[in-house]
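S.K.: First, the structure itself, so that you have it in front of you.
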Amino acid sequence: MPEVLLRLEGVDVFHDAPTTRKHLLKQLDLTVARGDFLAIIGANGSGKSVLGRVLAGVWPSLSGRYEVLAGTTFQIVFQQPTIGMVGATVLEEIAFGLECRQLPASDRVAIASYALQAVGLTASLHQPIEQLSGGQKMLLAIASAIALDPDVFLFDEVTAMAHPRLRRHLVSIARQLHAAGKTVVWITQFVQELVFADRIICLDEGAIRFCGLPGRFFYDQNDEHPVICETMGYALPPAIAWANQRSMEGKIIASHPLTVHDVLGESVRR
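Position one of the sequence shown corresponds to residue 63 (this note's numbering), numbered consecutively onward.
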């Protein structure tokens, strides 16, 4: 059984303003195990980013129980990739955390080169960050996280402002990290990105309305209610909409395809 890295039990998070108190997260119970790919979705203001910071242990205060396995390390990549950047050049940015760990300069250069290759960023190590495009800065932020080799990568809506091609590339990077054994927490507003997760969490007004497998989220239904995905207000991704339509037409679908690749496999079997 996979090792549990962190656990939330009955967690509440509040934001206290001078005249109001807002309930940001409500009685959350959640575990994250080593090697999980956990996807979190919810409308703006649902608490997605707050939950991400709680999971990473950087939210200042909460009530309830928060347990993390000793020695577990986290790296957060933000929607705004320049948040937390301190270097003037690509190398300075990636090497900053490595320098804090007192790694020799030669090792810092080698690790930086590897991290850039891992994300597909072709920029020179000595290129000024201000010359990078927004997408390149996002790749640099991810490369900086990879260089530190954390146990858990937390991506906080990194695809929110990306064009479709970059979005696919960013998802691919997360999938590669997961395939290499890393734990990934993927916060998104795009329902089609959920299909690659092991588990989906759907937040609504600070509460978990769904926590389970993608197959359940996209396919579980009965005569009175549509699938959970649609109940939560999201349109089905194309491959899943196709499979559901085929089922409504009385066609037998041997599997529950989640991606276009799965659909092609289903077509071959037929």
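The C-beta atom is built at its ideal place from N, Cα and C for all residues, glycine as well.
Taking a contact to mean a Cβ-Cβ separation below 8 Å, would you say Val247 touches Leu100 in this structure?
M.R.: yes
S.K.: If you follow the beta strand (DSSP E) that Thr250 is part of, which residue opens it and which one closes it?
M.R.: 245-250
S.K.: Provide the residue(s) that pair with Asp266 in DSSP beta bridges, ordered along the chain.
M.R.: Ala269
S.K.: Let me confirm a value: Pro276 is counted as buried when at least 16 other C-beta atoms fall within 10 Å, else exposed. Which label applies?
M.R.: buried
S.K.: Using 8 Å as the threshold, is the C-beta distance between Leu232 and Ala242 below it?
M.R.: no
S.K.: On the premise that Leu320 lies in contact with Phe280, defined as a C-beta separation below 8 Å, what is that separation, rounded to the nearest angstrom?
M.R.: 7 Å between Cβ atoms; contact.
S.K.: Return the residue from the list Leu87, Ala203, Leu202 that minimises the CA-CA distance to Gly72.
M.R.: Leu87
S.K.: Rounded to whole angstroms, what's the CA-CA distance from Ala172 to Leu153? Just pull it up for me.
M.R.: 10 Å
S.K.: Starting from Ile102, trace the beta strand (DSSP E) in both directions and tell me its first and last residue.
M.R.: Run containing Ile102: 99-104, per the beta strand (DSSP E) assignment.
S.K.: What is the rounded straight-line gap between the Cα of Val334 and the Cα of Gly114?
M.R.: Limits of the chain in this structure are 63 at one end and 332 at the other, which puts residue 334 out of reach.
S.K.: Grab me the residues of Val220's own chain with a C-beta within less than 7 Å of its C-beta, minus the 5 sequence neighbours each way, in chain order.
M.R.: Within the same chain, Cβ atoms closer than 7 Å to the Cβ of Val220 are found at Val139, Gln141, Met200, Leu232, the five residues on either side in sequence being excluded.
S.K.: Go ahead and label His323 buried or exposed: buried means 16 or more other beta carbons lie within 10 angstroms of its beta carbon, across all protein chains shown.
M.R.: Flag for His323 reads exposed.
S.K.: Provide the residue span of the alpha helix (DSSP H) that contains Thr293, from first to last.
M.R.: 290-293
S.K.: Answer with buried or exposed for Pro166, where buried requires no fewer than 16 other C-beta atoms within 10 angstroms of its C-beta.
M.R.: exposed
S.K.: Since Arg96 is in the alpha helix (DSSP H), which residue starts that stretch and which ends it?
M.R.: Looking at the DSSP string, Arg96 is not in any alpha helix (DSSP H), and its letter there is neither H nor E.
S.K.: Starting from Pro190, follow its DSSP beta bridges and name the residues at the other end.
M.R.: Thr151
S.K.: In whole angstroms, give me the CA-to-CA distance for Gln307 and Cys291.
M.R.: So the two alpha carbons sit approximately 15 Å from each other.
S.K.: Please confirm whether Val75 and Trp121 have their CB atoms less than 8 Å apart.
M.R.: Cβ atoms of Val75 and Trp121: closer than 8 Å.
S.K.: How many angstroms separate the CA atom of Gly126 from the CA atom of Gly295?
M.R.: 29 Å
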